[in-house]
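Counting in our numbering, the sequence shown runs from 4 upward without gaps.
Remarks on the structure that follows.
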Amino acid sequence: MSLKEYITNIVSKFELYYNIEQKTQSGGKLLGEGGYGCVISPPLKCNKPFFKIPYSIDEKYVSKIFEYDEEDEDVFNELKLGNKLINIDPYQKYFSPIINGCNFVKQKHPNIQYLISRPNYNSTSSSTKKTDKCSIFNDVEYLNLISKNAGIDFDVALRNKNPNIINFIRINYIHIFKHLCTAVELLHKNNILHRDIKTLNSMIDYKKERQKASITLIDFGLSVAMNKKFKFTDLYDLTYFGTDYYKPLEIIIVNCMLKVLKKNKYQEPIDFKKQVLKRVFDSYKYIAKDIEQDFYFTQNGFKYNGDILDKNIKSSNYQRYGNKNLINHLYNHLYKDFVNQKLFNNLTNSQDKHNFIYKWDVFSLGLMFAEIIVKAKINDEKAFELVNNMINPLYFNRYTIKQCLEDSFFKNRNVHNYSPSIESISKTKITKTKFINSTSKKTKKHNVFLQVI
Ligand SMILES: Nc1ncnc2c1ncn2[C@@H]1O[C@H](COP(=O)(O)OP(=O)(O)O)[C@@H](O)[C@H]1O
Ligand SMILES: [Mg+2]
């Protein structure tokens, strides 16, 4: 499907809205660069935005400039998911998705540099040096995708340079964990797997004056709407994408199983197990360096004792991936499901209570919590227990997101006594916009944006 067809499809019931307020572009800042594009604020103007949803050319919004390859249907993923998420979370309390967009048109912007050709990444010539500008290549097409400015990501926030934010996190970590678990629960309830939860994709917008912050998830580029029909051959891609470090072992094993099957035209070779385990160990080697920095994961799971971290833990103790017995055990478990033809259903059927694909997000979120605990120096036994239940390598024993929220970590604890607290990101946004029927926010909540898309 071409972009034009896609957009025509979604907006067919509605007239396209072209006359978004045109302000002159002033300033702009490169906020971040991910695997697929760069993010700048204020955003770039759209002369012909895809949707009616308004946005302003100021610091409240950002542009994600995204390489557009007509062949690749995934480029629409974030737009599609954005549509869904706006309905699920109209106040953008939990998510900061893409809300609008357009084809990227070359325009003057202080923080975009236009390059004629692709730099050679190994080259040291001055034109290819990393700058604080977003590099746009003349020979590549882009989309300009708009979302709310969600502040800074947790990767940046947890670096020691932000004592105010770290202090805020230290005081409010129970509330923050609850908010993030609720965000993921909301996704899972709506059959959406985020698939790329990590510090870089979790945002905090801290308002120092008011000592409040909003916390949201971003980057739904790899998210999957699970309530569709899958083919067996889709399983490979389903388990392939994501960020390796944040991927649980069972997903790595399933992906290696599928890689071997795919290579053998979906016939199981005699030495299947050997081939699969070799690939699992190869994948492990690839991420081993990152995992070895995880000195806070001990033989018995996650443990952090205030300021004291045991940095002398031997790598053979790493339960996360390196342990041969564990890998064998998990392989046998998954292989049994595969032979009994349950594996496909267990991964793709969003109604099936045995579906463990959603535990991928729980695992990633657990790793992120561990990082927050260590970097913000949080000393709380109950938090360690929660994390251990979230990152349990035995996925069948790992918590679901619902179980996380039911954990005693969140119970009977005076989270509301903590001031400052988190506030929702944009209560004002909805009421301000002229497109939205603001009569009864509570009852009409889920239809607020449907009317304008
Ligand atoms: N809405 C936003 N507000 C503020 N910063 C953002 C926003 N979206 C993304 N960023 C920053 O840009 C980085 C890359 O954006 P992301 O959407 O994750 O792109 P990618 O798909 O390439 O990973 C993020 O890690 C974050 O630092
Ligand atoms: Mg990202």
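Virtual Cβ for every residue (Gly too), placed ideally from N, Cα, C.
Paired residues, beta bridge with residue i - DSSP
| i | result |
| --- | --- |
| Asp156 | Met206 |
| Phe98 | Leu220 |
| Ser226 | BP columns for Ser226 are empty, so no partner. |
| Leu40 | Going by the sequence as given, residue 40 is Gly instead of Leu. Phe69. |
| Tyr239 | Per DSSP, none; premise fails for Tyr239. |
| Asn103 | Ile149 |
| Leu196 | Val227 |
| Gln116 | Ser138 |
| Tyr64 | Lys151 |
| Leu88 | Leu88 is not bridged to any residue. |
| Leu33 | Ile43 |
Cβ shell of residue i (< 7 Å), same chain only, five flanking positions each side left out
| i | result |
| --- | --- |
| Ile290 | Asp247 and Tyr248 |
| Lys136 | Leu33, Asn114, Ile115 and Gln116 |
| Ser367 | Ile200, Lys201 and Tyr249 |
| Phe235 | Phe347 |
| Ala153 | Ser99, Met206, Asp208, Thr219 and Ile221 |
| Asp355 | Asn348 and Asn349 |
| Leu189 | Ile91, Asp92 and Tyr97 |
Interface flag, residue i vs chain E, CB-CB below 8 Å
| i | result |
| --- | --- |
| Lys356 | Of the protein chains in this structure there is only one, and it is not chain E. |
Nearest to residue i (by Cα), restricted to the options the options
| i | options | result |
| --- | --- | --- |
| Ser353 | Lys192, Pro272 and Asp410 | Lys192 |
| Ile169 | Asn86, Ala216 and Leu280 | Ala216 |
| Asp75 | Pro100, Ala228, Phe180 and Gly224 | Gly224 |
| Arg198 | Leu47, Tyr209 and Phe244 | Phe244 |
| Ile330 | Tyr361, Gln344, Lys276 and Ile375 | Lys276 |
| Ala466 | Asn415, Cys407 and Asp285 | The structure shown does not extend to residue 466, since the chain is modelled only from 4 through 456, so no value can be given for it. |
| Asn204 | His357, Lys211, Thr219 and Arg173 | Thr219 |
| Pro45 | Phe54, Phe69, Lys151 and Lys55 | Lys151 |
| Ile404 | Tyr64, Asn358, Lys288 and Asp285 | Asn358 |
| Ala379 | Asp410, Val159, Tyr287 and Asp364 | Val159 |
| Asn400 | Asp340, Leu333 and Asn80 | Leu333 |
| Ile394 | Asp364, Asn349 and Pro272 | Asp364 |
| Lys87 | Asn175, Lys164, Ile195 and Lys109 | Ile195 |
| Phe341 | Ser411, Tyr361, Leu264 and Leu370 | Leu264 |
| His178 | Glu212, Lys231, Ile375 and Leu397 | Ile375 |
| Ile174 | Lys231, Val390, Tyr71 and Asn382 | Asn382 |
| Ser411 | Tyr398, Met371 and Leu389 | Leu389 |
| Leu397 | Glu409, Arg416, Lys385 and Lys362 | Lys362 |
| Thr351 | Leu190, Asn163, Asp237 and Glu409 | Asp237 |
| Val65 | Leu161, Ile101 and Gln344 | Ile101 |
| Leu370 | Asn392, Glu384 and Lys356 | Asn392 |
| Phe107 | Gln95, Asp142 and Lys356 | Asp142 |
| Val279 | Asn335, Asn349 and Phe140 | Asn335 |
| Ile68 | Ile360, Gln95, His112 and Gln344 | His112 |
| Lys327 | Val283, Lys339 and Phe387 | Val283 |
| Tyr3 | Lys232, Ile360, Ile139 and Asn415 | There is simply no residue 3 to check, as the chain begins at 4 and stops at 456 in what is shown. |
Cβ shell of residue i (< 8 Å), same chain only, five flanking positions each side left out
| i | result |
| --- | --- |
| Leu337 | Glu253, Ile256, Val257, Met260 and Leu346 |
| Cys49 | Ile23, Asn103, Gly104, Cys105, Asn147 and Ile149 |
| Asn167 | Tyr209 and Lys211 |
| Lys268 | none |
| Asn80 | Phe223, Gly224, Leu225 and Ser226 |
| Pro272 | Val263 and Gln278 |
Own chain partners of residue i with C-beta closer than 6 Å, once the 5 adjacent residues on each side are dropped
| i | result |
| --- | --- |
| Gln25 | At Gln25, the pLDDT of 30 sits below 50, so the modelled position is not reliable and the matter cannot be decided from this model. |
| Lys181 | Phe413 |
| Phe157 | Thr202 and Ser205 |
| Ser485 | No statement about residue 485 is possible, as the shown extent of the chain runs from 4 to 456 and does not include it. |
| Ile172 | Ala379 |
| Met229 | Asn194, Leu196 and Ser353 |
| Tyr71 | Val78, Glu144, Tyr145 and Leu146 |
| Asp61 | Pro45 |
| Ile43 | Gly31, Leu33, Ser66, Asn114 and Cys137 |
| Lys63 | Asn152 |
| Asn315 | Only weak support is given to the placement of Asn315: the predicted model assigns it a pLDDT of 44, under 50, and the question is left unresolved by the model. |
| Ser59 | none |
Those runs of the alpha helix (DSSP H) which lie wholly inside the region 352 to 410 and span at least 4 residues: As far as the region 352 to 410 is concerned, its whole alpha helix (DSSP H) runs of at least 4 residues are 362 to 378, 384 to 393 and 404 to 409.
Runs of 4 residues minimum, wholly inside the region 242 to 295: which ones carry the alpha helix (DSSP H) assignment? The region 242 to 295 is shown to contain whole alpha helix (DSSP H) runs of 4 or more residues at 252 to 266 and 275 to 295, in chain order.
Could you tell me which whole beta strand (DSSP E) segments of length 3 or greater appear in the region 135 to 192? As far as the region 135 to 192 is concerned, its whole beta strand (DSSP E) runs of at least 3 residues are 137 to 140 and 145 to 151.
Please list the segments of the alpha helix (DSSP H) lying wholly inside the region 324 to 351, counting only runs of 4 or more residues, in order along the chain. Runs found: 327 to 342 and 346 to 351.
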